[in-house]
Amino acid sequence: MSGHSKWATTKHKKAIVDAKRGKMFAKLIKNVEVAARVGGGDPAGNPTLYDAIQKAKKSSVPNDNIERARKRGGGEEAGGSDWQDITYEGYGPNGVAVLIECLTDNRNRAAGEVRVTMTRNGGNMADPGSVAYLFSRKGVITLEKNDLTEDDLLLAVLEAGAEEVNDLGDAFEVITEPGDLVAVRTALQEAGIDYDSAEASFQPSVTVPVDLEGARKVLKLIDALEDSDDVQEIYTNMDIPDDVAAQLDEDD
1 MSGHSKWATT
11 KHKKAIVDAK
21 RGKMFAKLIK
31 NVEVAARVGG
41 GDPAGNPTLY
51 DAIQKAKKSS
61 VPNDNIERAR
71 KRGGGEEAGG
81 SDWQDITYEG
91 YGPNGVAVLI
101 ECLTDNRNRA
111 AGEVRVTMTR
121 NGGNMADPGS
131 VAYLFSRKGV
141 ITLEKNDLTE
151 DDLLLAVLEA
161 GAEEVNDLGD
171 AFEVITEPGD
181 LVAVRTALQE
191 AGIDYDSAEA
201 SFQPSVTVPV
211 DLEGARKVLK
221 LIDALEDSDD
231 VQEIYTNMDI
241 PDDVAAQLDE
251 DD
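Residue numbers for the sequence shown follow the UniProt record's numbering, so the first one is 1 and each next one is one higher.
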């Protein structure tokens, strides 16, 4: 298992814990509202909205909250906010590249919070474009293993356009080109395979290995950034070696 897959495992476990927090619920609701505003309020004709709703449901967000967000975004109800999508770039401890995606109704607040958080946690901001080139936009589907084998999964998704399948321990991660995400997700559904989330993501093309102390520092920075209501997603090119990942598991 690659070091980046170990990081994916950490993120997967973290998402399960975070989903129990109101802050994560709010971010998932925001995703639904924005997806409906951009592509229309009908999930059948808006794959991004469909996937945002599915992810919210999988994270136990109440259906009433999801439906209200869909209606606000689609213009069926008043009260939707003017969310702006902004990406900040920077470097964390050990020279780890960091991409920070925000959805905010106040650009100045978001920029100030991200900058202060980076500085206080051993990071620094970078000029636009100086970090983004280290990442590629990909489709990412995560699903619990249950009784599913890697061969079963490959059989279901390869012809639909899946590029690779990563073993995350208790889950699988399927990587696709962004344009193939819906086809691969549909192939899973047609094969009767349940999944947790399907969304566009950033995957690093170059990774930076970290030792235990470095990994702890970067994870602390990520935790601090995620405390901001404006921050939606954080991507890094941190590579956690197997022995370091094992020690991190002991920390938990």
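Heads up, the beta-carbon is just placed ideally off N, CA and C, and yes, glycines get one too.
Give the C-beta separation of F172 and L153 to the nearest angstrom, bearing in mind that I take them to be a contact with Cβ-Cβ under 8 Å. Looking up residue 172 in the sequence shown gives position 172. Looking up residue 153 in the sequence shown gives position 153. With 8 Å as the limit, F172 and L153 qualify as a contact, their Cβ atoms being about 6 Å apart.
I need the DSSP call for D239, collapsed to helix, strand or coil. As a position in the sequence shown, residue 239 is number 239, starting the count at 1. Residue state, collapsed to three classes: strand.
So K220 and N121 are in contact, right, with Cβ under 8 Å, and what is the actual spacing, rounded? If you number the sequence shown from 1, residue 220 lands on position 220. If you number the sequence shown from 1, residue 121 lands on position 121. 6 Å between Cβ atoms; contact.
So, helix, strand or coil for A162, using DSSP? In the sequence shown, residue 162 corresponds to position 162, counting from 1. In this structure, A162 counts as strand in the three-state DSSP scheme.
Separation of D211 from S228, as counted between CA atoms: By one-based count along the sequence shown, residue 228 stands at place 228. By one-based count along the sequence shown, residue 211 stands at place 211. Going from the Cα of S228 to the Cα of D211 covers about 27 Å.
Alpha carbon to alpha carbon, what distance is there between A44 and E177? Locating residue 177 in the sequence shown gives position 177, where the first residue counts as 1. Locating residue 44 in the sequence shown gives position 44, where the first residue counts as 1. Going from the Cα of E177 to the Cα of A44 covers about 21 Å.
Among P47, T48, D249 and S60, which has the Cα closest to the Cα of A26? Residue numbering aside, residue 26 sits at position 26 when the sequence shown is read from its first letter. Here the closest residue by C-alpha is S60.
Does DSSP put A245 in a helix, a strand or coil? Reading the sequence shown from its first residue, position 245 is the one you call residue 245. Of the three classes helix, strand and coil, the one that applies to A245 here is helix, per DSSP.
Taking only the alpha-carbon atoms, compute the straight-line gap between N94 and T119 and give it to the nearest angstrom. If you number the sequence shown from 1, residue 94 lands on position 94. If you number the sequence shown from 1, residue 119 lands on position 119. If I take the Cα positions, the gap works out to 14 Å.
State the Cα-Cα distance for the pair V114 and Q232, rounded to the nearest angstrom. Here the question's residue 114 lines up with position 114 in the sequence shown. Here the question's residue 232 lines up with position 232 in the sequence shown. Between V114 and Q232, the alpha-carbon positions lie close to 12 Å from each other.
Residues that M125 bridges to, as DSSP identifies them: By 1-based counting over the sequence shown, the position of residue 125 is 125. Looking at the DSSP output, M125 shares a beta bridge with G90.
If you pair each beta-carbon of the segment 95-115 with each one of the segment 153-172, do three or more pairs fall below 8 Å? no
Candidates D167, L49 and V218, of which the one nearest L248 by Cα: Mapped onto the sequence shown, residue 248 falls at position 248. Ranking the options by Cα distance to L248, first place goes to V218.
Can you check DSSP and say which residues form a bridge with L99? One-based indexing of the sequence shown puts residue 99 at position 99. Partner(s): E89 and Y235.
How would you label T186, buried or exposed, when you count the other beta carbons within 10 angstroms and need 16 or more for buried? If you number the sequence shown from 1, residue 186 lands on position 186. With fewer than 16 Cβ atoms within 10 Å of its Cβ, T186 is classed as exposed.
In the DSSP assignment, what are the bridge partners of I175? On the sequence shown, position 175 is the one that residue 175 refers to. Answer is V140 and E164.
Exposure of P204, with buried meaning 16 or more beta-carbon neighbours within 10 Å: In the sequence shown, counting from the first residue as 1, residue 204 sits at position 204. Classification of P204: buried, given that the 10 Å Cβ count is 16 or more.
Residue closest to K23, alpha-carbon to alpha-carbon, out of A160, V140, I53 and D230: Locating residue 23 in the sequence shown gives position 23, counting from the first residue. Taking only the C-alpha atoms, the option nearest K23 is D230.
Reduced DSSP category for P204 - H, G, I as helix; E, B as strand; rest coil: For the purposes of this step, residue 204 is taken as residue 204 along the sequence shown, with counting starting at 1. The answer is strand: DSSP assigns P204 an E or B state.
Restricting to Cα atoms, I'd like to know which of T87, R72, R216 and N146 is closest to A246. Within the sequence shown, the letter at position 246 stands for residue 246. Checked all of T87, R72, R216 and N146; the closest Cα to A246 is R216.
Helix, strand or coil for P47, going by three-state DSSP, please let me know. On the sequence shown, residue 47 is found 47 positions in, with the first residue counted as 1. The answer is helix: DSSP assigns P47 an H, G or I state.
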